[in-house]
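Structure record follows, encoded as structure tokens.
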Amino acid sequence: LICKAEIPGLDPEDLDISITDDILTIKGEIKKEFVKERENYHRMERRYESFSRSIQLPRKVMIEDVEATYKEGIVTIIMPKCKPEMSQKVKIKIK
Numbered sequence: 305l306i307c308k309a310e311i312p313g314l315d316p317e318d319l320d321i322s323i324t325d326d327i328l329t330i331k332g333e334i335k336k337e338f339v340k341e342r343e344n345y346h347r348m349e350r351r352y353e354s355f356s357r358s359i360q361l362p363r364k365v366m367i368e369d370v371e372a373t374y375k376e377g378i379v380t381i382i383m384p385k386c387k388p389e390m391s392q393k394v395k396i397k398i399k
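The opening position of the sequence shown corresponds to residue 305 in the working numbering, with each subsequent residue numbered one higher.
This is the structure we're talking about:
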């Protein structure tokens, strides 16, 4: 199974991907900083946007073999299928 999600402006360190049984969860926080400079003043604003999405997978996957990559604003999660009786939860590292 392959899942792709567009998450532009995200630092991969702020992304949390986990699988529990047949539920894939993607959570993260996008941090934005705006700086405006003029002759008489300097203004900086910071915004934080949190998100969380859970997706029910059509079947359980081999979570120890799941791989995730983040490139050009797109996270790609590759999940090999497994037998339905296997069940675990593992935090997935992003390359």
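All residues carry an ideal CB built from backbone N, CA and C; glycine is no exception.
If I follow the unbroken beta strand (DSSP E) through residue i, where does it start and stop?
i              : result
valine 379     : 378-382
methionine 366 : Element bounds for methionine 366: n/a, residue is neither H nor E.
On a CA-only basis, which of the options is nearest residue i? Give me that one, please.
i              : options                           : result
serine 356     : Val394, Ile398 and Ile327         : Ile327
histidine 352  : Tyr345, Glu333 and Ser358         : According to the sequence shown, residue 352 is tyrosine rather than histidine. For the residues Tyr345, Glu333 and Ser358, the minimum Cα distance to tyrosine 352 belongs to Glu333.
valine 370     : Phe338, Asp315 and Pro384         : Pro384
isoleucine 337 : Ile359, Met366, Leu319 and Leu314 : According to the sequence as given, residue 337 is glutamate; it is not isoleucine. Residue Leu314 is the option with its Cα nearest to glutamate 337.
When burial is assigned at 16 or more other CB atoms within 10 Å of the CB, is residue i buried or exposed?
i              : result
isoleucine 330 : buried
Rounded to a whole number of angstroms, what is the C-alpha to C-alpha distance between residue i and residue j?
i              : j              : result
glutamate 348  : lysine 335     : With the sequence shown as reference, residue 348 is identified as methionine, and glutamate is not the correct amino acid for it. One C-alpha to the other measures close to 13 Å.
aspartate 325  : cysteine 386   : 11 Å
alanine 309    : histidine 346  : 36 Å
leucine 361    : lysine 393     : 14 Å
arginine 363   : arginine 342   : 56 Å
lysine 397     : asparagine 344 : 45 Å
isoleucine 367 : lysine 340     : 45 Å
Can you tell me the Cβ-Cβ gap for residue i and residue j, rounded? I've got them flagged as a contact below 8 Å.
i             : j              : result
threonine 380 : isoleucine 306 : 7 Å
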